[in-house]
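For this note's numbering, count along the sequence shown from 1 and bump the result up by 185.
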Amino acid sequence: MTVMAAPSTPSDPGMGSRQFIGLVAALMAINALAIDSMLPALPTIAHSLGLSHPNQQQWIVTAYLIGFGSAQIFYGTLADRFGRKPVLLTGISIYVVCSIAAALATSLETMLIARALQGVGSAATRVLAVSIVRDCYSGSQMARVMSFSFIVFLAVPIIAPSLGQLIMLVGPWRWIFGALALFGLTVMLWSTLRLRETLHPNDRIPIEIHRVWAAYRAALTNRTAVGYMLAMTMMLGGLFGFINSAQQVFGEVFQAPRLFTAIFALIALFMALSSLLNARIVGRLGTRRVSHVALLGYIFFAVVHALVAICGLETIWSFTILQAAMMFGFGLVVSNFGSLAMGPLGHLAGTGSSVQGFVTTLGGALLGFYIGQQFDGTVVPITVGFAALGLAALACVAFAEKGRLFARHSIVQENEAVAGH
């Protein structure tokens, strides 16, 4: 079964800690690069593929997210049975091949198939990066490795659109997918040559359908786990709605396409800063208090954002300020909702992570796509979508906590529950 309990003896990854941190960071960066680097190129890609409506370009993002979300439910089980390295290399190989296919696509249908399969491949890096770290480190050492890797992970969404824009200054949009393939190939070769198999032979678990199903059922019937998983889905739906529409907002609403990469980076920076702040305060204040306050703050700014848009008062600067404030709250929320969702599933960490990755990413992608498809030349649809999904997330949290926000859980108990997964 996909229970990713740490082995009794930590594995040797075959490289020093600095190189290992670099490899884990590179694995985590693959997904963010695949989503954000092509955002500046979406109108050019749409024109090249002959799309008849600007909103159709959003499929290029959503197809990837659907593949990425759907495949996560399988990788944990496969990695526990066949080992981390072969499953990881298979996933990255799929990613590289499909990046090349996307670069060569001449129709929307071909592009969407390539993007969906590219997401299927990159899902392996999302699931296995943490599993490999868990195999090799524990306790404070694991936290240190993940912290350094997470800094890179946070930086990628800030710089990825600018990298895509830079590539387009010297070549066609197809070079962006070529760069993704080259990066994936580099990470694959690095993993092949330097990374050892980290799953002990004795820890390999056979695939037994009835046990897999029992674990899935447990992950989908725990009230706290399900409530926070659905709340995370709502929050990701808002984020993906923003990602789907962002280029159109700056290009068509504000007539400032050249400012897109800079302002997108600024907004992403606020999300990164809040995630770093969370690491400093959550141990003192607790995951529930921080995330619940942050969610209420997110909803407040989302409602203000929607009212400003409905009243026709939105400007590029009001949009930037309010969106940055929302993303600051978002960073504090999602940093903790994932841990709260996993807290009751310490004995099913692998399965729980796979199920939650599947539901939150796929559900968020579909919600974000729906929001993006409502784009009508104004920011009203997406701002109303932010507010509606924020309120829906609050309802999910209330369900998880039986109506008691800011419930007084022991911070020690919270930390032990989080550490248990």
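Where a beta carbon is used, it is the ideal one built from N, C-alpha and C, also for glycine. This structure is a prediction, so every number in the text was calculated from the model and none was measured.
Flag this pair as yes or no: are the beta carbons of Thr545 and Met353 separated by less than 8 Å? no
How many Å lie between Arg389 and Leu547 at the Cα? 28 Å
Exposed or buried, what is Gln179 when buried is set at 16 or more other beta-carbons lying within 10 Å of its beta-carbon? Since the displayed the chain opens at 186 and closes at 606, residue 179 lies outside it and no answer follows.
Would you list, in sequence order, the uninterrupted alpha helix (DSSP H) runs of no fewer than 4 residues that lie entirely inside the region 247-333? 269-289 and 293-321
Please classify Val305 as buried or exposed, where buried requires at least 16 neighbouring CB atoms within 10 angstroms. The residue in question, Val305, is buried, as its Cβ has 16 or more Cβ neighbours within 10 Å.
Nonlocal neighbours in the same chain, by C-beta distance under 6 Å from Phe472, ignoring five residues either side: It is worth fixing the name first, because residue 472 is Thr in this sequence and not Phe. Correct list, in chain order: Asn521, Ser524, Leu525 and Glu599.
Let me know the secondary structure DSSP gives Leu498 once reduced to three states. coil
Would you mind sorting Gly542 into buried or exposed? The rule is 16 or more other CB atoms within 10 Å of its CB. Gly542 should be labelled buried.
Rank Val282, Arg319, Thr275 and Ser476 by C-alpha distance to the C-alpha of Ala416 and give the top, closest one. For Ala416, the closest C-alpha among the options Val282, Arg319, Thr275 and Ser476 is that of Ser476.
Ala308 beta carbon less than 8 Å from that of Ala256: Cβ distance < 8 Å, so Ala256 and Ala308 count as in contact.
How many angstroms separate the CA atom of Val330 from the CA atom of Arg203? 9 Å
Residue from Ile258, Thr247, Phe205 and Phe504 whose Cα sits closest to the Cα of Val397: Ile258
The alpha helix (DSSP H) spanning Leu365 covers which residue range? Arg359 to Arg379
When you compare the CB positions of Val489 and Leu507, do they come within less than 8 Å of one another, or not? Result yes, Cβ atoms of Val489 and Leu507 sit closer than 8 Å.
Helix, strand or coil: which one does DSSP assign to Met223? DSSP places Met223 outside both helix and strand once states are collapsed to three, so it counts as coil.
What are the start and end residues of the alpha helix (DSSP H) that includes Arg402? Ile394 to Ala404
For the region 475-561, list the beta strand (DSSP E) runs that are entirely contained and at least 3 residues long, ordered along the chain. Within the region 475-561, no complete beta strand (DSSP E) run reaches 3 residues.
Check His238 in the structure and name its three-state DSSP category. coil
Looking at Arg300 and Glu382, is the spacing between their C-beta atoms short of 8 Å? Cβ atoms of Glu382 and Arg300: not closer than 8 Å.
Is the region 346-361 close to the region 220-239, with three or more CB pairs under 8 Å? yes
I need the boundaries of the alpha helix (DSSP H) containing Pro566, first residue and last residue. Boundaries of the alpha helix (DSSP H) harbouring Pro566: Val565 to Ala585, taken from the DSSP string.
Less than 8 Å between the C-beta atoms of Ile343 and Leu454, yes or no? yes
When DSSP labels each residue in this structure, what does Met200 get in the three-state scheme? coil
Count the other CB atoms, across all protein chains shown, that sit within 10 Å of the CB of Arg311; report buried if there are 16 or more and exposed otherwise. Counting Cβ neighbours within 10 Å, Arg311 comes out buried, since at least 16 surround it.
Exposure label - Phe205; buried when at least 16 CB within 10 Å: Counting other Cβ atoms within 10 Å of its Cβ, Phe205 reaches 16 or more and is therefore classed as buried.
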